[in-house]
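Here the structure comes first, spelled out in structure tokens, and everything after it is commentary.
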Amino acid sequence: MITELLLYLLIAIIIYHVFEYFRMQFHYDKWGVRYKPGIPLFGNTFCSIFGMRHFIEDMDAVYKAFPNEKYVAFFDGMKPILLIRDPDLMKMITIKDFNHFVNRKPFFPKEIEPLLGSSILSLEGDEWRKMRSRLTVAFSAAKIKGMWPSMRAVSYQLVDYLKDHQSEDIDVADLMRRYNTDVIANTGMGLNVNSLKNPNNEFFTTGAQAVTFTIWRKIYYFFTIQFPVIAKLMQLLGLQLLPPAGTVFFRKVVSDSIAYRKTNNIIRHDFIHILMEISEDWTLDEITGQIYFAFLASYESTTSILSLCIHELALHPEIEEKLYQEVRAHQEKAGELTLEDLSELKYIDCVLSEISRKWSAAVMMDRVCTSGYVLPPPRDGGKGYEVKPGDVIYNVVNPIHMDPKYFSDPEVFDPTRFSEGNKQNIKSFTYMPFGMGPRNCLGMRFAIIKMKVLLYHLVLNYKIVRCEKTSDPIRLQALDFSIRAVGDTYVQFKARS
Ligand code: HEM
Numbered sequence: 001m002i003t004e005l006l007l008y009l010l011i012a013i014i015i016y017h018v019f020e021y022f023r024m025q026f027h028y029d030k031w032g033v034r035y036k037p038g039i040p041l042f043g044n045t046f047c048s049i050f051g052m053r054h055f056i057e058d059m060d061a062v063y064k065a066f067p068n069e070k071y072v073a074f075f076d077g078m079k080p081i082l083l084i085r086d087p088d089l090m091k092m093i094t095i096k097d098f099n100h101f102v103n104r105k106p107f108f109p110k111e112i113e114p115l116l117g118s119s120i121l122s123l124e125g126d127e128w129r130k131m132r133s134r135l136t137v138a139f140s141a142a143k144i145k146g147m148w149p150s151m152r153a154v155s156y157q158l159v160d161y162l163k164d165h166q167s168e169d170i171d172v173a174d175l176m177r178r179y180n181t182d183v184i185a186n187t188g189m190g191l192n193v194n195s196l197k198n199p200n201n202e203f204f205t206t207g208a209q210a211v212t213f214t215i216w217r218k219i220y221y222f223f224t225i226q227f228p229v230i231a232k233l234m235q236l237l238g239l240q241l242l243p244p245a246g247t248v249f250f251r252k253v254v255s256d257s258i259a260y261r262k263t264n265n266i267i268r269h270d271f272i273h274i275l276m277e278i279s280e281d282w283t284l285d286e287i288t289g290q291i292y293f294a295f296l297a298s299y300e301s302t303t304s305i306l307s308l309c310i311h312e313l314a315l316h317p318e319i320e321e322k323l324y325q326e327v328r329a330h331q332e333k334a335g336e337l338t339l340e341d342l343s344e345l346k347y348i349d350c351v352l353s354e355i356s357r358k359w360s361a362a363v364m365m366d367r368v369c370t371s372g373y374v375l376p377p378p379r380d381g382g383k384g385y386e387v388k389p390g391d392v393i394y395n396v397v398n399p400i401h402m403d404p405k406y407f408s409d410p411e412v413f414d415p416t417r418f419s420e421g422n423k424q425n426i427k428s429f430t431y432m433p434f435g436m437g438p439r440n441c442l443g444m445r446f447a448i449i450k451m452k453v454l455l456y457h458l459v460l461n462y463k464i465v466r467c468e469k470t471s472d473p474i475r476l477q478a479l480d481f482s483i484r485a486v487g488d489t490y491v492q493f494k495a496r497s
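According to UniProt numbering, the stretch in the sequence shown is residues 1 to 497, in order.
Below is the structure:
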């Protein structure tokens with residue numbers, strides 16, 4: 001009986017969504033907004049849902065299909081989305097008319113992900129504004145300066161570790177995840193977990209579980225986001241999206257740490273301390289949510305960028321050599337690297353900027369309309385489109401970074417695009433690896449410093465050499481939200497004498 005009822009319910013839901021799918025197409029036809037029909041229920045994302053290609057490639061296919069449109073419709077599964085392809089329009093949405101587009105698409109429903117649902121990524125309206133203004137303090141230049149010694153110390157640990165692992169094929173993403181875990185454990189909570197020496201520490205294994213999106217977890221995520229009723233059902237059954245061990249672990253570490261510091265009057269220059277200063281009226285989940293999100297943001301996006309940077313350097317020894325000459329010259333002149341020195345190292349900045357263009361972890365800047373707005377016509381001679389509160393918009397990032405209209409030979413890894421002379425020619429809103437406007441990446445400065453300090457010490461001490469397992473050319477791995485090379489990134493590190 002119950003099985004039959006559930007089956008009828010499922011059939012009714014499917015019929016409703018197929019009907020909605022065609023109704024939306026009719027709606028876009030009426031407004032003159034173009035689209036690729038896709039497959040009912042799976043929209044334009046059929047291939048990425050079933051692991052045949054990356055989500056970015058699904059989006060890119062729609063982006064490329066309409067070169068003359070400012071925006072088109074995109075079916076993310078069953079959700080109709082407006083895909084903004086025009087840089088000037090993105091500027092209006094993310095900055096000039098930001099007040100109409102304050103929120104982000106729900107990524108982690110609070111019902112099933114209490115910590116990440118409380119993090120700044122998911123907050124809306126005034127709650128977000130309040131949190132953003134408070135957290136901005138935590139990521140200020142002065143606070144990051146306090147964390148600098150810890151970041152540098154963790155980069156030394158990694159350089160030290162590699163001494164005994166030369167001539168081995170190194171799984172770079174694993175190495176970078178360990179680096180990022182150690183940086184966030186150190187700068188976030190004052191813990192020196194050393195994931196290289198203690199490979200199975202709880203911090204590292206918890207993070208690894210949380211970001212592993214198996215095909216089943218992806219399908220589960222897909223249905224939870226598409227049908228809010230499923231999120232409610234999961235809540236009733238006590239189920240979470242990410243492994244619950246992460247929630248339990250982070251709640252415990254943060255509450256123990258706060259209690260210990262309060263009892264023993266301990267002050268450390270890390271996120272927990274900063275959050276304790278600014279969060280008198282917060283619940284434990286609100287504090288923990290910010291730290292858990294910072295951990296995941298650090299863990300995955302920085303890992304992707306650093307891994308692909310090392311991958312590209314292995315494939316381009318002439319670029320690595322130029323980078324080495326810069327860091328060696330600095331070392332000879334100035335000795336130990338300081339935070340202030342980073343701004344003088346121009347080529348390292350070009351290399352990281354180019355990686356962030358070619359292999360951007362940003363994917364898109366999603367925004368939800370919070371008050372009615374009329375978009376200009378999608379093309380000359382068309383009519384404006386009325387966006388309603390609740391409608392979702394994706395401002396594309398990666399397809400723009402790889403559009404030859406804005407970057408010639410976009411597949412070529414060429415850091416000189418970002419040299420002092422060239423970067424002023426980059427059109428505004430065609431390079432956005434950390435997002436744009438008031439809702440951009442809060443951890444940008446922190447992330448850039450963390451990546452530069454590691455790259456500096458790696459290149460100074462080791463030559464990055466390709467090995468048999470180094471894939472060339474690099475292609476995007478399908479089964480993930482994150483940016484990773486097919487076959488992963490493997491290289492060897494040879495000590496420089
Ligand atoms: C290379 C590493 C990183 C990249 C490429 C990256 C990129 C991004 C992007 C594209 C967004 C969305 C921006 C938008 O919609 O306009 C974002 C949001 C955010 N990122 Fe990052 N991120 C990185 C590392 C970090 C780190 C290390 C932290 C914290 C420690 C962090 C904290 C945040 C926060 C808090 C938000 C949400 C801001 C808000 O909604 O107000 N990110 N990031």
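Every residue, glycine too, gets a C-beta built ideally from N, C-alpha and C.
Contact check, residue i vs residue j, beta carbons under 8 Å
i, j, result
"THR136", "GLY437", "no"
"ILE305", "TYR456", "no"
"TYR373", "HIS100", "yes"
"HIS54", "ALA478", "yes"
"SER257", "LEU284", "no"
"ARG85", "GLU111", "no"
"VAL172", "ILE310", "yes"
"LEU315", "ASP472", "yes"
"ASN398", "VAL363", "yes"
"ILE81", "VAL392", "yes"
"ALA138", "ILE267", "no"
Residue range of the alpha helix (DSSP H) that includes residue i
i, result
"ASN461", "444–461"
"MET59", "55–65"
"THR179", "Looking at the sequence provided, one finds Tyr at residue 179 rather than Thr. Start and end: 172–189."
"ASN422", "420–423"
"ILE319", "317–334"
"GLU292", "Here the sequence assigns Tyr to residue 292, which means Glu is not the residue at that position. Counting along the chain, the alpha helix (DSSP H) containing TYR292 begins and ends at 284–297."
"ARG129", "125–138"
"PRO199", "Element bounds for PRO199: n/a, residue is neither H nor E."
"TYR406", "Taken as a continuous stretch (DSSP letters only), TYR406 belongs to no alpha helix (DSSP H), as it is neither H nor E."
"LYS262", "244–264"
"MET276", "271–278"
Proximity test, residue i beta-carbon vs the ligand HEM heavy atom, cut-off 7 Å
i, result
"ASN422", "no"
"ALA141", "no"
"MET402", "no"
"ILE170", "no"
"ARG484", "no"
"CYS441", "yes"
"MET436", "yes"
"PRO399", "no"
"ALA297", "yes"
"LEU121", "yes"
"ILE305", "yes"
"ARG104", "yes"
"ALA361", "yes"
"MET147", "no"
"THR302", "yes"
"MET176", "no"
"ALA173", "no"
"MET365", "yes"
"ALA294", "yes"
"THR94", "yes"
Bridge-paired residues (DSSP) for residue i
i, result
"GLU386", "VAL374"
"ASP76", "GLY43, LYS79"
"LEU476", "ALA485"
"ILE464", "PHE493"
"ASN103", "VAL368"
"ILE426", "Bridge partners of ILE426: none, in fact."
"TYR71", "ILE84"
"TYR35", "ALA73"
Segment limits, beta strand (DSSP E) that includes residue i
i, result
"residue 498", "In the structure displayed, the chain extends from 1 to 497; residue 498 sits before or after that span and is not available."
"ALA495", "490–495"
"ASN395", "392–396"
Neighbour flag for residue i against chain C, beta carbons, 8 Å
i, result
"ARG152", "Of the chains in the structure shown, none is chain C; there is only one protein chain."
Any non-hydrogen atom of the ligand ATP closer than 7 Å to residue i Cβ
i, result
"PHE446", "In the structure shown, the ligand ATP is absent; the only ligands present are the ligand HEM."
Checklist entry - Counting Cβ pairs closer than 8 Å, one from the stretch 464–475 and one from the stretch 328–345, do we hit at least three? => result Flag = no, the stretch 464–475 and the stretch 328–345 do not touch.
Item to check | Contact between the stretch 411–419 and the stretch 113–122 (3+ Cβ pairs under 8 Å) | outcome: The way I'd put it, the stretch 411–419 doesn't touch the stretch 113–122; fewer than three beta-carbon pairs between them come closer than 8 Å.
Next on the checklist: I'd like to know if the stretch 71–90 and the stretch 22–38 are in contact, where contact means that at least 3 CB-CB pairs between them fall below 8 Å.
Outcome noted: When Cβ pairs closer than 8 Å are counted between the two stretches, the stretch 71–90 is seen to touch the stretch 22–38, the count reaching three or more.
Checklist entry - Are at least three pairs of beta-carbons, each pair with one atom in the stretch 398–411 and one in the stretch 355–362, less than 8 Å apart? => result The stretch 398–411 is in contact with the stretch 355–362.
Checklist entry - Does the stretch 178–185 come within contact of the stretch 149–166, defined as at least 3 CB pairs closer than 8 Å? => result Taking one beta carbon from each stretch, the stretch 178–185 and the stretch 149–166 have 3 or more pairs nearer than 8 Å; the two touch.
Next on the checklist: When you compare the stretch 422–432 with the stretch 445–453, are there three or more beta-carbon pairs, one atom per stretch, that lie closer than 8 Å?
Outcome noted: No: the two stretches stay apart, fewer than three of their Cβ pairs being nearer than 8 Å.
Checklist entry - Between the stretch 291–304 and the stretch 183–203, do three or more beta carbon pairs fall short of 8 Å? => result These segments touch.
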